[in-house]
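Trainee: Handing you this structure, nothing more for now.
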Amino acid sequence: MGIVRLGVFAALGALVYSAFRKNKQETPPAAFADGQHAPGNQTQVRDAGPDATRDDTREGWTKEDEASDESFPASDPPATY
Numbered sequence: 786m787g788i789v790r791l792g793v794f795a796a797l798g799a800l801v802y803s804a805f806r807k808n809k810q811e812t813p814p815a816a817f818a819d820g821q822h823a824p825g826n827q828t829q830v831r832d833a834g835p836d837a838t839r840d841d842t843r844e845g846w847t848k849e850d851e852a853s854d855e856s857f858p859a860s861d862p863p864a865t866y
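For the sequence shown, our numbering assigns the number 786 to the initial residue and increments by one for each residue that follows.
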């Protein structure tokens with residue numbers, strides 16, 4: 786009887802979870818602006834700069850921030866440091 790109860794609760798949990806996932810809207814990750822996120826793409830690459838991110842930064846980007854973002858994922862840092 787205990788295994789039947791466990792199965793019923795597992796099925797109910799799966800139904801609730803699937804209903805929750807269907808109603809949840811997909812928002813792009815913070816690193817991507819609208820239109821730059823490709824769902825399901827395993828090699829996600831975005832344009833460089835603050836305009837390519839989803840969220841606005843409070844205190845703007847410095848020259849060093851821009852250079853670092855443009856050089857990523859290069860192995861050596863930019864020369865503006």
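Every residue gets a Cβ at the ideal spot worked out from N, C-alpha and C, and that includes glycine.
Are the beta-carbon atoms belonging to Asp819 and Gly834 less than 8 Å from one another?
Mentor: no
Trainee: Rounded to the nearest angstrom, what separates Val830 and Arg806 at their Cα positions?
Mentor: 26 Å
Trainee: Considering just the uninterrupted stretch of the alpha helix (DSSP H) at Asp840, what are its terminal residues?
Mentor: Counting along the chain, Asp840 falls outside any alpha helix (DSSP H), and DSSP gives it neither H nor E.
Trainee: Using 8 Å as the threshold, is the C-beta distance between Ala816 and Thr847 below it?
Mentor: no
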